[in-house]
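Take the sequence shown: its letters are residues 2 to 397, numbered as in our numbering. Yeah, the Cβ is synthetic: ideal placement off N, Cα and C, and Gly gets one too. All remarks here apply to the structure that follows.
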Amino acid sequence: MLADKRITLIIGGGIAAYKSLDLIRQLRRAGAQVTPVLTRAGAEFVTPLSVAALAEVRVFQDLFDLKDETEMGHIQLSRASDLLVVAPATANLMARMAAGLADDLASTLLLATDKPVLIAPAMNVRMWDHPATQRNLAQVQADGVQVVGPNTGDMACGEHGPGRMAEPAEIVAAIAAQFGPRQMTGKRVLVTSGPTHEPIDPVRYIANRSSGAQGSAIAGALRDLGADVVFVTGPAHVPAPDGVQVIRVETAREMLDASLAALPADAAICAAAVADWRVKAEFTQKMKKGAQGVPVLEFSENPDILATLSTHALRPALVVGFAAETEQVVSHAIAKRARKGCDWIVANDVSHGTGIMGGTENAVHLITADASEDWPRLPKSEVAKRLAQRIAEALA
Ligand code: C5P
Numbered sequence: 002m003l004a005d006k007r008i009t010l011i012i013g014g015g016i017a018a019y020k021s022l023d024l025i026r027q028l029r030r031a032g033a034q035v036t037p038v039l040t041r042a043g044a045e046f047v048t049p050l051s052v053a054a055l056a057e058v059r060v061f062q063d064l065f066d067l068k069d070e071t072e073m074g075h076i077q078l079s080r081a082s083d084l085l086v087v088a089p090a091t092a093n094l095m096a097r098m099a100a101g102l103a104d105d106l107a108s109t110l111l112l113a114t115d116k117p118v119l120i121a122p123a124m125n126v127r128m129w130d131h132p133a134t135q136r137n138l139a140q141v142q143a144d145g146v147q148v149v150g151p152n153t154g155d156m157a158c159g160e161h162g163p164g165r166m167a168e169p170a171e172i173v174a175a176i177a178a179q180f181g182p183r184q185m186t187g188k189r190v191l192v193t194s195g196p197t198h199e200p201i202d203p204v205r206y207i208a209n210r211s212s213g214a215q216g217s218a219i220a221g222a223l224r225d226l227g228a229d230v231v232f233v234t235g236p237a238h239v240p241a242p243d244g245v246q247v248i249r250v251e252t253a254r255e256m257l258d259a260s261l262a263a264l265p266a267d268a269a270i271c272a273a274a275v276a277d278w279r280v281k282a283e284f285t286q287k288m289k290k291g292a293q294g295v296p297v298l299e300f301s302e303n304p305d306i307l308a309t310l311s312t313h314a315l316r317p318a319l320v321v322g323f324a325a326e327t328e329q330v331v332s333h334a335i336a337k338r339a340r341k342g343c344d345w346i347v348a349n350d351v352s353h354g355t356g357i358m359g360g361t362e363n364a365v366h367l368i369t370a371d372a373s374e375d376w377p378r379l380p381k382s383e384v385a386k387r388l389a390q391r392i393a394e395a396l397a
């Protein structure tokens, strides 16, 4: 899978470093050559000897090792690979990457390289959630760094939440995706994502619990396959992916206009949780409590973007809708596919207790013209990759 690919693997100082030993093993098994770089903190968790034994080459540790500078300088080392991988990427390492520091071998290689960089963050959940880390994450992503994980689960420190390093197999898959065939080069895809906000008055609106996580992940996965992605997003909680054309909207009507403006496209993936109704006459002034008592809102129906695209003169060759259901998921989704006139429906159960809406995982059913497939519960990023792969095959 990775035959003759040269990977520089920077191992940062976190407990997840032990998983990097398995990562080296899996990369070697996939045919890659691994050049390991161990930070000073990384060497507190795994020994240079075990890293070198698994990689079957020497470990680079120190910027000021003059022997290395005569045999191979740090600039040369930063470029003598096809990809730089940082696993685990600690909060500190991410902060130094975001700031452009070059105060040890790892950070210097990351600053000097002209090759793509993939990081697998791993840290305590509060460190991950901290605005500083989230800022640094956004910065490194804006700089073009690819990110795999972190996963949500129990942490070595006893807490629970996002911060666990992605499993070695996931990191290998993310590495393979960097080198994978870009089957969607030249294809244009519209992705709608996030909730819509339907105004009641200048300060109030009707919304839903969609985070936009699944739509963002799908747009990113399609981009990774080389597609030219137009990402029309409502006010979502998760950031839009890099490397896509982002169009921000608030209401269903704005989302429809932006979606139609994106045509012609080869495919439309309608992952947005569009409000079905809006307040018929938005109040121009803030509504006040008063003698007139409790207000009664009258609704009118929003345009159905998915149905409109499915019957449009410029209908994309593949139109995919989503169905968030709380009961009879598959039968409702089959009926929805017919009603909306789309090609596929990705259906999921968002009833209370599944943790899917706003969560990091999804368990979906893919409804096509002739089959209904039950996919296992997977991280939304993985659902996105599988779906993107299917879309690529359908458009091939
Ligand atoms: O009708 P329902 O909201 O259950 O259908 C969900 C699917 O329809 C999703 O793909 C969603 O993006 C799309 N949709 C839309 N415009 C609407 C309502 C839903 O595109 N007004």
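If you look at Pro-182, you'll find it isn't in any alpha helix (DSSP H); DSSP assigns it neither H nor E.
Shortest gap from the CB of Lys-381 to any heavy atom of the ligand C5P: 8 Å or more. Setting aside the 5 residues that flank it on each side, Pro-200 is surrounded in the same chain by Tyr-206, Glu-283, each with a C-beta closer than 6 Å to its C-beta; the list follows chain order. Residue pairing by DSSP places Ala-269 opposite Leu-191, Val-320 in a beta bridge. When DSSP reads this structure, Ser-301 sits in a beta bridge with Arg-279.
One Cα belongs to Val-331, the other to Arg-340, and the distance between them is close to 14 Å.
Runs of alpha helix (DSSP H) with 4 or more residues, each lying fully within the segment 55-97, are found at 67-72, 75-80, listed in chain order. For Thr-193, the CB falls within less than 8 Å of some heavy atom of the ligand C5P. In this structure, Ala-253 has its beta carbon less than 8 Å from a heavy atom of the ligand C5P.
At least one heavy atom of the ligand C5P is found less than 8 Å from the C-beta of Ile-306. Beta bridge pairing from DSSP links Ala-253 with no other residue. Distance between Ser-352 and Arg-210, taken at the CA atoms: about 12 Å.
Assigned with DSSP and collapsed to three states, Arg-205 falls in coil, not helix or strand. Per DSSP, reduced to three states, the secondary structure at Trp-376 is coil, with no helix or strand assignment. Setting aside the 5 residues that flank it on each side, Pro-296 is surrounded in the same chain by Met-288, each with a C-beta closer than 8 Å to its C-beta; the list follows chain order. If you ignore the 5 residues before and after Ala-92, its C-beta comes within less than 7 Å of the C-beta of Met-124, Met-128, Thr-134, all in its own chain and listed in chain order. Of Leu-307, Gly-294, Ala-263, the smallest CA-CA separation from Asp-277 is found for Leu-307. With a threshold of 16 other beta carbon atoms within 10 Å, Gly-74 falls short and is exposed. Linking Leu-191 to Ile-270 through their CA atoms gives a straight-line distance of about 6 Å.
In the DSSP assignment, Gly-101 falls outside any beta strand (DSSP E) and carries neither an H nor an E.
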